[in-house]
Amino acid sequence: MLKFTEDHEWLRAEGEDVVVGITAHASEQLGDVVFIELPEEGREVAAGEEIVVIESVKAASDIVAPVAGVITAVNSDLADNPGNVNADPMAAWFFKIKPADAAALEGFMDEAAYQALIG
Amino acid sequence: MAEELRRTGLYDLHIEQGARMVPFAGWEMPVQYPMGVMAEHLHTREKAGLFDVGHMGQVLVIPKDGNLETAALALETLIPAAVLGLPEGRQRYGLFTNASGGILDDLMFANRGDHYLLVVNAGCAEQDIAHLQTLVDVDVVPVTDRGLLALQGPKAEGALAALLPAVRQMKFMDSQIHDWNGAELWISRSGYTGEDGFEISVPNTVLREFTEALLRNPDVAPIGLGARDSLRLEAGMPLYGHDMNTDVTPAQAALGWSIPKLRRVGGARAGGFPGAEIVLAELANGPTVTRRGLRPEGRAPIREGVEIFADEDGGQALGKVCSGTFGPSAGGPVAMALLDASLPDGTRLWAELRGKRLPVILTELPFITPSYKR
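Residue numbers (this note's numbering), protein chains in the order written: chain V, -5 to 113; chain R, 18 to 391.
Quick look at the structure:
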């Protein structure tokens, strides 16, 4: 099941974890991604905390933790190949987080609601 | 209330091409096309990129007495370059300085037989024209009925020559007038990318038609301001308002090469321009700080404003990055900063990014080898 945040992240439940990436809309807005700095595995993060730095040819921006929890995995392959964010944003996951609250995903938008948001 | 943004004669074409438009120096300009900044950059280095630079100011400087030497000597009171002596059909780079030796703008000027054609930065054009109008012996005529294109890259010559075969004979910094279907094109072999190429002033009446004729060539793609910035940065070229301004002198901006011996101390036409004492003393003695290249060891770009330190911990900042981005052809981040002129290239310094110091190497400019047709 896919959910979306107002920060243009996509969230996919995978067992107890949530896999996090950015949407095609976000990757288009960013432009060509040239550098990604990922968080440490095992780091405990708060909802809304800036945990990924993403640099495009144009500017630096952040990706925030969508929910509170613990980082269980990061996609170091993506850090080596940042252009994959533009090539296939829905496959280019950044990190997996185990939410502190198992029901944390419920409040987020479904795809139809997200499409309505970006017009 | 925000001032209304101006549009070039190619605005509609940019929209049709899917450009993303942004405000730039009072103009609404394409920052990128659907190809994207990285691909646009690489396309320009491999084939030919077409840039709308119609926001830049084109100005004619005409001697009132009909004698070109009058205009040359008048311009030399504002510009520390050799204007007199520039042959007809040739162009040079120069600077407007102020009384404290700072840079008001940089420009190109061309000898067109009975007058000079100047091309200045969009953001400075109004001020430059007012500055030129202080000269009593010349008429200053802003050109308002023309657009300006830059066609840059190894395929630029072929693409332009397909429409105007005579341009093949032009050399770097030649400035000529050519006829295209009855329209007068003002063409110079120059640019702002480090590539061979042309800058083409086109009457508004045929601007769209001529632009579309170039774009029909499969080697030519429209390129936005985003790639223009990374291309010029890799080529080690300074951008006004970032790498130079009224607080930066020609020597500090590493633009002393534009001031020839005859305008320096002991030269036949030494001084006689605003801030000459300061500018010339600094050129003679060497500046304490100057514009240097920086290559971060990692992949994170260091951008304008990032502070540079001598050590990984502590100490005072040595300077700040004035321009920095990711260089697609350099294959990594590239930046320029005003730093101690005595530090040797290869010195390892530290850039403070998001609270962390990252290693950067002081590197000779430019970051890529230019390919001008001399």
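We treat Cβ as the ideally placed atom computed from N, Cα and C, and that holds for glycine.
For residue i, go through chain V and note every residue whose CB falls closer than 7 angstroms to its CB, in chain order.
i, result
"Gly53 (chain R)", "Gly25, Asp26"
"Arg371 (chain R)", "Val47"
List the residues of chain V whose Cβ lies closer than 8 angstroms to the Cβ of residue i, in chain order.
i, result
"Ala317 (chain R)", "Phe29, Glu31, Val47, Glu49"
"Gly243 (chain R)", "Gly25, Val51, Lys52"
Could you tell me whether the Cβ of residue i comes closer than 9 angstroms to any Cβ of chain V?
i, result
"Ala354 (chain R)", "no"
"Thr210 (chain R)", "no"
"Ala56 (chain R)", "yes"
"Val48 (chain R)", "yes"
"Thr342 (chain R)", "yes"
"Arg280 (chain R)", "no"
"Met18 (chain R)", "Here the model assigns Met18 (chain R) a pLDDT of 44, short of 50, so the residue's position is not dependable and the matter cannot be decided."
"Arg206 (chain R)", "no"
"Arg312 (chain R)", "no"
"Pro277 (chain R)", "no"
"Pro350 (chain R)", "yes"
"Arg374 (chain R)", "no"
"Pro40 (chain R)", "no"
"Pro239 (chain R)", "no"
"Pro304 (chain R)", "no"
"Arg320 (chain R)", "yes"
"Pro345 (chain R)", "yes"
Show which residues of chain V have a CB atom less than 9 angstroms away from the CB atom of residue i.
i, result
"Ser247 (chain R)", "Val51"
With a threshold of 9 angstroms between beta-carbons, can residue i be considered close to chain R, or not?
i, result
"Asp95 (chain V)", "no"
"Pro76 (chain V)", "yes"
"Asn69 (chain V)", "no"
How is residue i classed by DSSP in three states: helix, strand or coil?
i, result
"Ser359 (chain R)", "coil"
"Ala334 (chain R)", "coil"
"Met18 (chain R)", "With a pLDDT of 44 at Met18 (chain R), under the threshold of 50, the modelled position of that residue is not reliable, and the figure given next carries that caveat. In this structure, Met18 (chain R) counts as coil in the three-state DSSP scheme."
"Gly344 (chain R)", "strand"
"Gln144 (chain R)", "helix"
"Glu294 (chain R)", "helix"
"Ile32 (chain R)", "helix"
"Asn75 (chain V)", "coil"
"Ala7 (chain V)", "strand"
"Glu407 (chain R)", "Beyond the ends of chain R as shown, which are 18 and 391, falls residue 407 (chain R); an answer cannot be given."
"Lys390 (chain R)", "coil"
"Arg281 (chain R)", "coil"
"Glu299 (chain R)", "helix"
"Thr364 (chain R)", "coil"
"Gly273 (chain R)", "helix"
"Thr222 (chain R)", "helix"
"Ser247 (chain R)", "helix"
"Leu152 (chain R)", "coil"
"Asp1 (chain V)", "coil"
"Ala56 (chain R)", "helix"
"Leu382 (chain R)", "coil"
"Ile112 (chain V)", "helix"
"Gly63 (chain V)", "strand"
"Ala268 (chain R)", "coil"
"Ala238 (chain R)", "strand"
"Glu100 (chain V)", "helix"
"Glu324 (chain R)", "strand"
"Glu314 (chain R)", "coil"
"Glu105 (chain V)", "helix"
Give the DSSP bridge partners of residue i, in chain order.
i, result
"Ile50 (chain R)", "The question names Ile, yet the displayed sequence has Tyr at residue 50 (chain R). Answer by DSSP bridge pairing: none, since Tyr50 (chain R) is not bridged."
"Asn69 (chain V)", "Answer is none; Asn69 (chain V) lacks a bridge partner."
"Arg23 (chain R)", "R:Trp44"
"Thr307 (chain R)", "R:Leu356"
"Ala252 (chain R)", "In the DSSP output, where bridge partners are listed per residue, Ala252 (chain R) has none listed."
"Ser205 (chain R)", "R:Ser192, R:Glu216"
"Asn128 (chain R)", "R:Tyr133"
"Leu165 (chain R)", "R:Ser218"
"Asp123 (chain R)", "R:Leu112"
"Gly349 (chain R)", "R:Gly344"
"Met38 (chain R)", "R:Pro47"
"Phe89 (chain V)", "V:Val14, V:Val68"
Any C-beta of chain A sitting closer than 9 angstroms to the C-beta of residue i?
i, result
"Arg206 (chain R)", "In the structure shown, chain A cannot be found, because the protein chains are V and R."
Legend entry - In chain order, each alpha helix (DSSP H) run of at least 4 residues that lies wholly inside the stretch 58 to 117 of chain R: Segments of the alpha helix (DSSP H) lying fully in the stretch 58 to 117 of chain R: 85 to 93.
Legend entry - Runs of beta strand (DSSP E) wholly within the stretch 169 to 199 of chain R (minimum 3 residues, chain order): Counting whole runs of 3 or more residues, the stretch 169 to 199 of chain R contains the beta strand (DSSP E) stretches 192 to 197.
Legend entry - Continuous alpha helix (DSSP H) assignments of at least 4 residues falling wholly in the stretch 10 to 55 of chain V: Listed in chain order, they are 18 to 24.
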